[in-house]
Every structure is written in structure tokens, then in C-alpha cells.
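First comes the structure, then the notes that go with it.
In our numbering, the protein residues as written are -6 to 91.
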């Protein structure tokens, strides 16, 4: 089945009319959805994993604070380091500081 669309706001001399079949429309929709899903996947791949922990040095760089400030904050409970894989890592994940 073919569908025709008329747009009255465009002068007839400037109008371009393309007639497509239902199969062509479905193929276009499938291709559009696939590209959209790929775009979302690329965006998610570039975001840091919520399970990725930051080192003390990374937190110091992001917060622009020195090692002694980090130690004071740990003592006062502002940032509570956790032991992960034999290293003390500040409480919180990478996404919490972005």
C-alpha cells in the first residue's frame, strides 16, 4: 500500500513528494532504532562504571586537597576509606565525585 502526503504550506513548485511502501517505512524504522540503540550503548560505555572505586590520589586531585586534609577528613568521618584489594579507598564511587 502506498501513502501520499500533501503539505499545503509549501508551494507546489517547491514540493518534493516521495512515495514509499510499508516495507520501506518499516526498514527505515528498524534502521533508525538500531542506530539509536548503538548510540545509547556507546554513551553508556564511555561512562564510568558505578562499581569503579577511586584512589586517594584521584580524590585529592578532583577535590583539590592535600594528603593531610584527606587524613583529617577520614579521622572526622567526612570521607571514610574502605579497604579494597589491600588498598584504602575513600568511601564513595567515581560517579559520586563527577
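Ideal placement from N, C-alpha and C gives every residue a C-beta, glycine not left out.
Since this is a predicted model, take the numbers as computed values, not measurements.
Which listed residue (the options) has its alpha carbon closest to that of residue i
i, options, result
"residue 76", "10, 21 and 47", "47"
Residues of its chain near residue i, where Cβ-Cβ distance is below 6 Å and the 5 sequence neighbours each way are ignored
i, result
"residue 57", "none"
>> Threshold first: 4 residues or longer. Then list the alpha helix (DSSP H) segments lying entirely within the segment -5 to 72, N to C.
In response: 15 to 39, 49 to 56 and 60 to 69
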